[in-house]
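Engineer: Using UniProt numbering, the first residue of the sequence shown is number 1, and each one after it goes up by one. Note that CB positions come from ideal geometry on N, CA and C, so glycine has one too. Since this is a predicted model, take the numbers as computed values, not measurements.
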Amino acid sequence: MDESLLDDIIRRLVEAKNGRTTKQVQLTEAEIKQLCVFSKEIFLSQPNLLELEAPIKICGDVHGQFSDLLRLFEYGGYPPAANYLFLGDYVDRDEKILCMHGGLSPDLKKLDQIRNIARPVDVPDQGLLCDLLWADPDKDIEGWGENDRGVSYTFGADKVAEFLQKHDLDLICRAHQVVEDGYEFFAKRQLVTIFSAPNYCGEFDNAGAMMSVDDTLTCSFQILKASEKKGKLGFGNNSLRPGTPPHKGGKG
Numbered sequence: 001m002d003e004s005l006l007d008d009i010i011r012r013l014v015e016a017k018n019g020r021t022t023k024q025v026q027l028t029e030a031e032i033k034q035l036c037v038f039s040k041e042i043f044l045s046q047p048n049l050l051e052l053e054a055p056i057k058i059c060g061d062v063h064g065q066f067s068d069l070l071r072l073f074e075y076g077g078y079p080p081a082a083n084y085l086f087l088g089d090y091v092d093r094d095e096k097i098l099c100m101h102g103g104l105s106p107d108l109k110k111l112d113q114i115r116n117i118a119r120p121v122d123v124p125d126q127g128l129l130c131d132l133l134w135a136d137p138d139k140d141i142e143g144w145g146e147n148d149r150g151v152s153y154t155f156g157a158d159k160v161a162e163f164l165q166k167h168d169l170d171l172i173c174r175a176h177q178v179v180e181d182g183y184e185f186f187a188k189r190q191l192v193t194i195f196s197a198p199n200y201c202g203e204f205d206n207a208g209a210m211m212s213v214d215d216t217l218t219c220s221f222q223i224l225k226a227s228e229k230k231g232k233l234g235f236g237n238n239s240l241r242p243g244t245p246p247h248k249g250g251k252g
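Encoded structure:
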């Protein structure tokens, strides 16, 4: 893809923000296809387990709420001046913080297992990759439990502590569930859930959040309140997987 064309698309998208409103940006079918191809090439050129350095901004689910994405950039700074990690369907590791979209897996014994996942790949109905994308913490259990989503597992605070100690890590950062304040701690602040889409689907009166990690690995949170009530949006056929449920965990 011509880099000048890519720069022009990015410019048009960023300039869509005008005060408190966001203009619609029309992309042609050809531009969208080129963006998909270009993005795929970038993702496949990167390892499964990214090792990123602080300072960095960490965001959870955005779910296509583009105007709120631009608000996050206003809070944290626009790329490339600020670095961002979005907790989509991939995994990242800093020296002491492990980030993923979903959660832990009983099959995850070594981090090299993540590095060795072949891509591209269809997400299976069970196993390591499925759990990294679909598992959820549960304050009411110990060990592993059945997930109400009908896929993957839930895991207790004991599994979080066990995993961190084994791999010499301080924190697990994940997304995947709506949380009222945009972020929520679990397992004595050893795991944090981040959700970055405020007023998700117009159904949850939740805030969005972004976690900033400075060069000393000190974490702080920026809260994004809902700017306005939005109607429920639906795209494609999501019948194969359950939607994003609210988090059942507590603040501790």
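Do the stretch 56 to 63 and the stretch 201 to 219 touch if we need at least three Cβ pairs shorter than 8 Å?
Structural biologist: Yes, they touch.
Engineer: Tell me which residue opens and which closes the beta strand (DSSP E) that Ser4 is part of.
Structural biologist: Premise fails: Ser4 lies in the alpha helix (DSSP H), Glu3 to Val14, not in any beta strand (DSSP E).
Engineer: Could you tell me whether the Cβ atoms of Leu85 and Phe38 are closer together than 8 Å?
Structural biologist: Their beta carbons are not under 8 Å apart, which means Leu85 does not touch Phe38 by this criterion.
Engineer: Can you list, in chain order, the residues of its chain with a C-beta nearer than 7 Å to that of Arg12? Leave out the 5 residues immediately preceding and following it.
Structural biologist: Same-chain partners within the cutoff: Val25.
Engineer: Where does Tyr78 land, buried or exposed, given buried means 16+ other C-beta within 10 angstroms?
Structural biologist: That one is exposed.
Engineer: For Tyr90, which of helix, strand or coil comes out of DSSP?
Structural biologist: In this prediction, Tyr90 scores a pLDDT of 39, lower than 50, which makes its location untrustworthy; the coordinate-derived value is nonetheless stated afterwards. In the structure shown, Tyr90 sits in coil (DSSP, three-state: anything other than H, G, I, E or B).
Engineer: Any contact of the stretch 195 to 206 with the stretch 62 to 71, i.e. 3+ C-beta pairs under 8 Å?
Structural biologist: These segments touch.
Engineer: From the DSSP output, in three-state form, read off Leu128 for me.
Structural biologist: Residue state, collapsed to three classes: helix.
Engineer: Determine the closest residue to Ser220 out of Pro120, Asp136, Tyr183 and Lys17, with distance taken between C-alpha atoms.
Structural biologist: The shortest Cα separation from Ser220 among Pro120, Asp136, Tyr183 and Lys17 belongs to Tyr183.
Engineer: Any C-beta of chain B sitting closer than 8 Å to the C-beta of Val14?
Structural biologist: The chain inventory of the structure shown lacks chain B, comprising one protein chain alone.
Engineer: For Gly145, which residues of its own chain have a beta-carbon under 8 Å away from its beta-carbon, when the five flanking residues on both sides are left out?
Structural biologist: Closer than 8 Å at the Cβ level, and outside the excluded window around Gly145, lie Asp138, Tyr153, Thr154, Phe155 and Gly156.
Engineer: Tell me the rounded alpha-carbon separation between Leu164 and Ile172.
Structural biologist: Spanning the two alpha carbons is a distance of roughly 8 Å.
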